[in-house]
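S.K.:
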Amino acid sequence: IDDVKPSQISEADLAAKKVLWKGEVKFLIAYYHYLLLQNYGPIVILDEAIPLNAPKEELFKPRVPYDECVSRIAQMFDNASADLPMTVKASNYGRATKVIAQALKARMYLYAASPQFNGNADMYKNFKNKDGQLLMNLTYDKNKWKTAMDECKKAIDMAHQAGAELYKYTKKGNLPEFNQAIANARNLVVDAWNKELIWGYSGWKETWADGNSIQTHVIPKGISTSSGAPYGALGATAFSADMYLTKNGLPIDEDPEFDYAHRFTVAEGDSVAVLHRNREPRFYGSIGFNRGDYLINGDTINLKMRFKEQNGTRDAGSDQLYGSYAIAKLAHPETFVSGTSNSLVAFPFPIIRLGELYLDYAEAYFEYNGTLEGDALTYFNLIRQRAGIPNVEVSYKGLPSGDKLREVIHRERTIELMFEGHMSYDYRRWLIALKEWSGMENGMIGLNSYGTTNEEYYKNARLDAQPFIFRDEQYLSPIKQDYLNVNSNLVQNPGW
Numbered sequence: 001i002d003d004v005k006p007s008q009i010s011e012a013d014l015a016a017k018k019v020l021w022k023g024e025v026k027f028l029i030a031y032y033h034y035l036l037l038q039n040y041g042p043i044v045i046l047d048e049a050i051p052l053n054a055p056k057e058e059l060f061k062p063r064v065p066y067d068e069c070v071s072r073i074a075q076m077f078d079n080a081s082a083d084l085p086m087t088v089k090a091s092n093y094g095r096a097t098k099v100i101a102q103a104l105k106a107r108m109y110l111y112a113a114s115p116q117f118n119g120n121a122d123m124y125k126n127f128k129n130k131d132g133q134l135l136m137n138l139t140y141d142k143n144k145w146k147t148a149m150d151e152c153k154k155a156i157d158m159a160h161q162a163g164a165e166l167y168k169y170t171k172k173g174n175l176p177e178f179n180q181a182i183a184n185a186r187n188l189v190v191d192a193w194n195k196e197l198i199w200g201y202s203g204w205k206e207t208w209a210d211g212n213s214i215q216t217h218v219i220p221k222g223i224s225t226s227s228g229a230p231y232g233a234l235g236a237t238a239f240s241a242d243m244y245l246t247k248n249g250l251p252i253d254e255d256p257e258f259d260y261a262h263r264f265t266v267a268e269g270d271s272v273a274v275l276h277r278n279r280e281p282r283f284y285g286s287i288g289f290n291r292g293d294y295l296i297n298g299d300t301i302n303l304k305m306r307f308k309e310q311n312g313t314r315d316a317g318s319d320q321l322y323g324s325y326a327i328a329k330l331a332h333p334e335t336f337v338s339g340t341s342n343s344l345v346a347f348p349f350p351i352i353r354l355g356e357l358y359l360d361y362a363e364a365y366f367e368y369n370g371t372l373e374g375d376a377l378t379y380f381n382l383i384r385q386r387a388g389i390p391n392v393e394v395s396y397k398g399l400p401s402g403d404k405l406r407e408v409i410h411r412e413r414t415i416e417l418m419f420e421g422h423m424s425y426d427y428r429r430w431l432i433a434l435k436e437w438s439g440m441e442n443g444m445i446g447l448n449s450y451g452t453t454n455e456e457y458y459k460n461a462r463l464d465a466q467p468f469i470f471r472d473e474q475y476l477s478p479i480k481q482d483y484l485n486v487n488s489n490l491v492q493n494p495g496w
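Going letter by letter, the sequence shown gives residues 1 to 496 in full-length UniProt numbering.
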């Protein structure tokens, strides 16, 4: 960057651009370290350039203890932030800002405070470098939650200052309250660069012709006459669909007004199962289900998802929605597919949005203070209000406490951020992945997509074509053997 000379630009303007470019480079270095930390735990830190002819001990470094990694990456984000703007103009959406840097730093501290990385002696007591240096702190430190809480609040305040606010669908006015909440959920991700989005990925310019757009994979088959895309290859399981709450803001097996015992029945004169009635608006905005409405082609269609029906499973060997649930949240309602004329409405995939920061802060506040109050409770309930369900203390007839409140906070986060890439990391850092994902080795659970009648279709079935295996060693990803061969100072992650 220092060697760039001015051409059709003044020295002063070029100098300002160089400051920005250096800030963006620093940000990317911090971000790539952050991604490695998120997936591998303790990593080798490279915060300065190393000449290729440097001595072996400089080139091949050992892993740095996790807490030190967090501190040093946080400093990288701070150094980058000093040279970054608070906001960027529309033509530069997706480029780094101070808010993005702070939000990533806050999330990193939230992870660092979580059970997987905070005093997890059972899993990491023997996780050491070759010289015996421990790579994880084995003693729980409650103050890590305070640090996470403070960093999250700073990120929220900065986001507000930059103009961020929770998304509300406004293209159609005067919607009934429940329908408004459905529209909020349905359009939150796909309404490009809305005010809630702090950072989104749009580096790949998607078109229908690519065939690898997320939309070509989540839109169900049968909407187009084409034998190709949409493939209906990516869908939800019963695990995800059942996570969504009732209209009263309670889990389906805890709401006394929800007929859980008869959830697989279809009432006389109805076409929709009890399981899919009286659910929260986010369910209807995020999930496509049999005999339910699905927005596509600028219109509303009714999905028919029993075996060999228009949108249903057709055999056991190709792309289709084996779990009998489509993901509506990731398909733009105005994407048009007909088989002869296809037009994809692209959108940036959310990396960070304000709603996540609200939930980050609420979680950290609870873990440090043992309850939700003040801003933490306000932020938590703002998410629920936008979702069209009662405040948490109304749904539960008083604010839950202890493990129950933790469960409520975790579930709210899982639902709000569903299909946005968070569950895999959240379940690991909460140390619940093994418990929640066990027993799926022979197939995940969904509705019986091979059922041709309501009685056959509406029951939990093991999806033998879709096994899912999770073991203890998968809490961290393995380091590629080639890297271990090259750098003799590297140690493998536990269990691999």
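Where a beta carbon is used, it is the ideal one built from N, C-alpha and C, also for glycine.
1) Determine, using beta carbons only, whether K329 and F419 come nearer to each other than 8 Å.
2) Note down, in chain order, each residue of its chain lying with its Cβ closer than 7 Å to the Cβ of W145, except the 5 sequence neighbours on either side.
3) Output the boundary residues of the alpha helix (DSSP H) element that contains N369.
4) Quick check on R428: does DSSP put it in helix, strand or coil?
5) Which residue from P251, T378 and N302 puts its Cα closest to that of Y396?
6) Would you tell me roughly how many angstroms separate the C-alpha atoms of Y231 and G132, rounded to the nearest one?
7) Tell me whether K5 sits in a helix, a strand or coil according to DSSP, three-state version.
8) Just to confirm before moving on: does the CB-CB distance between K26 and N79 stay below 8 Å?
9) Can you name the residues that DSSP bridges to K128?
10) Under the three-state reduction of DSSP, which class applies to M444: helix, strand or coil?
11) Span of the alpha helix (DSSP H) holding residue 499?
12) Quick one: what does DSSP say L166 is sitting in, helix, strand or coil?
13) Where does N126 land, buried or exposed, given buried means 16+ other C-beta within 10 angstroms?
14) Taking C-beta to C-beta, are Y109 and T147 nearer than 8 Å?
15) Report the rounded CA-to-CA distance for I351 versus L36, giving the unit in angstroms.
16) Please state whether DSSP places N143 in a helix, a strand or coil.
17) Could you tell me which of G339, F470, T452 and S226 sits nearest to G312, measuring between CA atoms?
18) Can you check whether the CB of A106 is closer than 8 Å to the CB of E151?
19) Just tell me which of E412, S449, E373 and S202 has its CA closest to the CA of L399.
20) List the residues that DSSP assigns as beta-bridge partners of F302.
21) Use the C-beta contact count for N460: other C-beta atoms within 10 angstroms, 16 or more gives buried, fewer gives exposed.
22) Do the region 340-349 and the region 233-240 meet, that is, are 3 or more Cβ pairs less than 8 Å apart?
23) What are the residues that DSSP puts in a beta bridge with W199?
24) Quick check on this structure: which residue in N53, A82 and Y40 has the alpha carbon closest to the alpha carbon of K22?
25) Roughly how many angstroms lie between the CA atoms of S226 and V394, to the nearest whole one?
26) Beta carbon of N194, beta carbon of R386: below 8 Å?
27) Would you call E412 buried or exposed, if buried means 16 or more other Cβ atoms sit within 10 Å of its Cβ?
28) Applying the 10 Å Cβ sphere with the 16-neighbour rule, what's the burial state of H332?
29) Could you tell me which residues DSSP puts in a beta bridge with Y325?
30) Let me know the secondary structure DSSP gives V88 once reduced to three states.
31) Could you tell me whether the region 198-215 touches the region 169-182, using the rule of 3 or more Cβ pairs below 8 Å?
32) Could you check if G249 is buried or exposed, using at least 16 other CB atoms within 10 Å of its CB as the buried criterion?
33) Which first and last residues belong to the beta strand (DSSP E) in which L52 is found?
34) When burial is assigned at 16 or more other CB atoms within 10 Å of the CB, is S401 buried or exposed?
35) Specify the secondary structure class of V266 as computed by DSSP and reduced to three states.
36) Taking 8 Å as the threshold (C-beta atoms), are G323 and T237 in contact?
M.R.: Checking against the coordinates, here is how it stands:
1) Contact flag set, yes.
2) Correct list, in chain order: A113, A364, E367 and Y368.
3) Per DSSP, N369 belongs to the alpha helix (DSSP H) from L354 to N369.
4) Helix.
5) If we check each option's Cα against that of Y396, P251 comes out closest.
6) A direct Cα-to-Cα measurement between Y231 and G132 gives close to 51 Å.
7) In the structure shown, K5 falls within a coil segment according to DSSP collapsed to helix, strand and coil.
8) Cβ atoms of K26 and N79: closer than 8 Å.
9) Partner(s): L134.
10) If DSSP states are grouped into helix, strand and coil, M444 belongs with the strands.
11) Nothing about residue 499 can be read from this structure; the chain reaches only from 1 to 496.
12) Coil.
13) Label assigned to N126: exposed.
14) For the 8 Å CB-CB criterion, Y109 and T147 form a contact.
15) Cα-Cα distance, rounded: 16 Å.
16) When secondary structure is reduced to three states using DSSP, N143 falls in the helix class.
17) Scanning G339, F470, T452 and S226 for the CA closest to the CA of G312 turns up T452.
18) Result yes, Cβ atoms of E151 and A106 sit closer than 8 Å.
19) The residue among E412, S449, E373 and S202 with its C-alpha nearest the C-alpha of L399 is E373.
20) Contrary to the premise, residue 302 reads as Asn rather than Phe in this sequence. BP columns for N302 point to D293.
21) With fewer than 16 other beta carbons inside 10 angstroms of its own, N460 counts as exposed.
22) The region 340-349, when compared against the region 233-240, does not touch it at the 8 Å Cβ threshold.
23) Residue pairing by DSSP places W199 opposite I352 in a beta bridge.
24) Closest option to K22, Cα to Cα, is A82.
25) The straight-line gap separating the alpha-carbon atoms of S226 and V394 is approximately 48 Å.
26) Contact: no.
27) Buried: at least 16 other Cβ atoms inside 10 Å.
28) With 16 or more Cβ atoms within 10 Å of its Cβ, H332 is classed as buried.
29) Looking at the DSSP assignment, Y325 forms a beta bridge with A236.
30) V88 falls in the coil class under three-state DSSP.
31) The region 198-215 and the region 169-182 do not touch, with fewer than 3 CB-CB distances between them shorter than 8 Å.
32) Classification for G249: buried.
33) From DSSP, L52 is part of no beta strand (DSSP E); its letter is neither H nor E.
34) Flag for S401 reads exposed.
35) V266: strand per DSSP, three-state reduction.
36) Against a cut-off of 8 Å, the Cβ pair of G323 and T237 comes out as a contact.
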